[in-house]
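In order, the protein sequences belong to chains C and Y. Here numbering that gives the first Met the number 0 is used: position 192 in the first sequence is 191, and no number is missing along the way. Here numbering that gives the first Met the number 0 is used: position 312 in the second sequence is 311, and no number is missing along the way.
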Amino acid sequence: MTTQAVHSGRAQNLASSSRQRLLRGALPAVSLVIVLAAIWYFNPRAISYFGLNLMLNLAIPVALATIAQMCVMATNELDLSIGAFVGFVACVTATYMPQEPLLAVLMLGGGVLVYMLAAVVIHLRNVPSIVVTLGLSFFWAGLAVLIRPIPGGAAPGFLRDLMSFQPPLIPMPVLLAVLIAGTVHLILMRSSYGAVLRGVGGNARAVHRAGWSILKAKVAMFALASVFGILAGMTLVGVSSSADANMATGYTLLSIAGAVIGGAEFVGGRISPIGAVIGALVLQLASSALNFFQVPFLPGGRIPQEWQVGAQGMFLILILAARVLISKAEK
Amino acid sequence: MTDQTLSASRLNIRNLPVWLWSFLGALLVWVLSFTIAGQGAEGMLVAALSFSVFTVMVGLGQMFVITLGPGNVDLSIPATIGLASAVAMKVMDGQNGLILWGLLAALVCGILIGGFNYLLIRLLRIPPIVATLSSSFIIQSVGISYGRGLQIKPPAALSDFTFSRFLGVPVLAIATIALSIVASVVLHRTIYGRTVLATGQNMRAARFAGLSVERTRLLTYVLSGALAALCGALLAGFSGGSSLSMGREYLLSSIAVVVLGGTSVAGGRANVPGLWGGALFLFMISTLLNTAGFGSGLRDVFTGVIIVAAIAITGTRQPLR
């Protein structure tokens with residue numbers, strides 16, 4: 000190949016890859032619109048202030064957990080303990096925060112330290128994050144059971160007030176979702192250290208050569224993940240006003256699915272905070288939407304409750320398939 | 000360069016086979032637990048063997064998958080165990096004459112799941128983690144709607160078989176040891192096994208060498224699904240019926256025994272005997288925590304810490320991706 004051919008080829012690649020990136024970036028938003036349209040078609044009243052409030056009730060904790068997962072994914076690792084961790088946080092919050100806030104804060108701070116330690120172990124010992132975090136999921140689940148052997152507890156006043164606050168015009172979950180997406184976008188996508196943090200997943204060697212510590216960046220990302228995990232657990236208690244050790248076990252899978260729908264990649268530090276929040280909303284809406292869909296050939300005309308999980312899986316597959324189609328069409 | 004000199008200085012310890020460590024760990028914990036309990040050394044060993052059978056069975060499948068290389072892992076094993084056990088119980092319908100059909104149905108179910116997993120990986124070109132994750136969502140739903148209200152007792156002959164012993168050793172353990180030997184031969188002596196190892200070491204090189212990498216990956220995911228299904232059917236016989244959450248603990252344990260047993264998480268290097276060491280170690284740990292009188296919460300906390308510590312100590316020293 001001549002140098003000229005290489006150059007023009009590269010230019011073409013650049014153009015097509017930027018168009019592709021745009022299309023892929025739009026994918027989460029498009030799927031959100033499709034789900035909303037489908038819900039509206041079957042039940043127009045659901046798309047209202049109260050309808051959205053109801054359907055997106057649990058979306059905020061899920062969105063925060065998804066952001067946590069995304070932070071870990073940005074360093075090319077995976078956190079299989081986030082669900083158990085959110086459950087642990089919820090138990091701490093509902094059990095200690097109303098009466099002994101200092102103790103609760105100390106325990107949650109301990110959670111951040113464990114996450115940072117996990118990052119150190121994963122990086123220095125070069126062990127797979129999947130195994131370390133799977134082990135940690137036992138650790139968190141065990142602690143949660145120790146704190147709350149039976150479901151119960153109470154939400155601290157400020158959390159209950161926050162989660163049941165009704166701002167004018169825009170439903171609270173929507174407002175919070177925008178706030179979360181915007182903040183994380185600023186931290187990770189717009190700040191200069193954010194670029195370094197993402198660079199660890201993209202090209203660790205280059206980051207290292209440029210004089211940044213990969214270990215520190217990884218620890219920072221894991222610490223950030225734990226902070227969002229803590230926020231997820233606290234908001235979850237704010238919504239459900241009690242806690243149970245197993246209340247968030249599903250969050251591990253949901254958070255990975257949400258981050259992937261939102262455009263995060265497993266390798267390369269490619270993440271999208273806004274996409275991740277949208278991904279979480281889409282998953283949450285998709286499972287509530289199932290209650291509205293009328294399917295003539297099914298008994299009762301409704302999709303059974305137990306298919307909610309399956310629908311999330313199929314949704315994930317559909318969106319990934321759409322992604323493949325986009326990159327194929329561009330070639 | 001420095002890596003080489005480093006490994007040379009460590010050679011004296013590293014000369015020992017990797018899998019030995021997991022067995023030594025299991026032995027240590029075993030001695031510790033019957034010393035604390037003051038009795039029951041033999042009972043613990045038999046129990047450990049009976050329970051390890053299931054872990055090793057799914058561990059074998061997971062090991063082949065992980066050996067395929069970075070990013071390859073089967074997260075659908077727990078869901079497969081749950082669904083296959085329900086299928087097996089329904090087909091067997093508590094009758095001894097239908098046991099073989101039930102096992103066959105479970106195997107078919109596992110094979111289909113494995114094929115589906117591969118299809119997702121291939122067609123959607125997504126990392127196996129997401130593929131097996133999304134299929135596990137779907138399998139779970141199928142399992143819930145299929146197994147709703149399912150309370151069929153396993154056929155008496157199947158239960159008896161899972162509990163039977165030969166010269167004091169559980170028959171199932173003997174069978175699984177035989178299965179492990181077969182797996183070891185397949186891994187090291189057949190074209191398929193060699194292709195798995197080669198793919199794990201360098202997929203492109205394997206492809207350029209003319210190996211049928213894609214067929215091998217398909218077979219590997221099918222194998223993992225089939226073994227998980229077999230484990231599910233037998234586990235239902237062992238525990239007196241199927242339940243969907245039955246497979247839950249096997250997500251962690253299937254991966255943990257593979258890693259503890261000295262199989263490289265970066266792929267390309269597998270170790271069958273280590274699976275047994277890892278499985279025995281895990282069981283002995285939970286026995287030890289039980290005999291020490293810990294409740295379920297503390298037991299989980301310690302299991303988690305010990306697994307992380309054991310893995311950090313073994314350390315793979317190879318990049319995952």
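Heads up, the beta-carbon is just placed ideally off N, CA and C, and yes, glycines get one too.
- The beta carbon of residue 177 of chain Y lies closer than 6 Å to none in the same chain, with the five residues before and after it left out.
- A distance below 7 Å between beta-carbons, with the five flanking residues on each side excluded, links residue 236 of chain C to the following residues of its chain, in chain order: 89, 92, 93, 154, 158 and 242.
- Contact of residue 119 of chain Y with chain C by beta-carbon distance below 7 Å involves 316.
- If you draw a straight line from the Cα of residue 323 of chain C to the Cα of residue 30 of chain C, it is about 15 Å long.
- Minimum Cα-Cα distance from residue 138 of chain C among the listed residues C:244, C:177 and C:222 corresponds to C:244.
- Within the DSSP secondary-structure output, residue 164 of chain Y pairs in a beta bridge with Y:169.
- If the five residues before and after residue 79 of chain C are omitted, its C-beta is found closer than 7 Å to the C-beta atoms of 129, 132, 133, 136 and 251, all from its own chain and listed in chain order.
- Residue-level contact check: residue 255 of chain C touches chain Y, since one or more beta carbons of chain Y fall below 8 Å from its beta carbon.
- Residue 41 of chain Y counts as exposed, since fewer than 16 other C-beta atoms from the protein chains shown sit within 10 angstroms of its C-beta.
- For residue 69 of chain Y, the closest of C:32, C:127 and C:311 by C-alpha to C-alpha distance is C:127.
- The count of Cβ pairs closer than 8 Å, one atom from the segment 240 to 253 of chain Y and one from the segment 134 to 150 of chain Y, reaches three, so the stretches are in contact.
- Below 8 Å, too few C-beta pairs join the segment 296 to 316 of chain Y and the segment 43 to 56 of chain Y to call them touching: fewer than three.
- Between the alpha carbons of residue 190 of chain Y and residue 192 of chain C lies a distance of about 49 Å.
- Contacts between residue 154 of chain Y and chain C, judged by CB atoms closer than 8 Å, are missing: the closest CB pair is about 27 Å apart.
- Taking 8 Å as the cut-off, the beta carbon of residue 224 of chain Y is found no closer than this to the beta carbon of residue 71 of chain Y.
- The Cβ atoms of residue 32 of chain Y and residue 194 of chain Y lie no closer than 8 Å to each other.
- Between residue 43 of chain Y and residue 286 of chain Y, the beta carbon gap of about 6 Å places them in contact (Cβ cut-off 8 Å).
- For the pair residue 310 of chain C and residue 289 of chain C, the CB atoms are nearer than the 8 Å cut-off.
- For residue 160 of chain C, the enclosing alpha helix (DSSP H) begins and ends at 156 to 163.
- For the pair residue 161 of chain C and residue 89 of chain Y, the Cα-to-Cα distance works out to about 49 Å.
- Not a single C-beta of chain C is nearer than 8 Å to the C-beta of residue 63 of chain Y.
- Among the residues of chain Y, those whose CB is under 8 Å from the CB of residue 141 of chain C are 295, 296, 297, 298, 299, 300, 301, 302 and 303, following chain order.
- In the DSSP annotation of this structure, the continuous segment of the alpha helix (DSSP H) that includes residue 313 of chain Y starts and ends at 295 to 313.
- In this structure, the alpha-carbon of residue 127 of chain Y lies about 12 Å from that of residue 114 of chain Y.
- Annotated three-state conformation of residue 249 of chain C is coil, per DSSP.
- DSSP links residue 151 of chain C through a beta bridge to C:242.
- Going by DSSP, residue 253 of chain Y is part of the alpha helix (DSSP H) stretching over 249 to 259.
- Using beta-carbon distances, residue 280 of chain Y does not count as an interface residue toward chain C, since no partner is under 8 Å.
- Each residue's CA atom was taken as its position, placing residue 268 of chain C and residue 315 of chain C some 20 Å apart.
- Scanning chain C for C-beta atoms nearer than 8 Å to the C-beta of residue 240 of chain Y yields nothing, as the closest lies near 19 Å away.
- The straight-line gap separating the alpha-carbon atoms of residue 204 of chain C and residue 62 of chain C is approximately 31 Å.
- In terms of Cβ geometry, residue 49 of chain Y and residue 228 of chain Y do not form a close pair [threshold 8 Å].
- Residue 21 of chain Y places its beta carbon less than 8 Å from that of residue 273 of chain Y.
- Listed in chain order, the non-local C-beta contacts of residue 186 of chain C below 7 Å within the same chain comprise 193, local neighbours out to five positions each way being set aside.
- Chain-ordered, the chain Y residues with CB closer than 7 Å to the CB of residue 129 of chain C read 72 and 254.
- Of Y:266, Y:283, Y:256 and Y:293, the smallest CA-CA separation from residue 18 of chain Y is found for Y:256.
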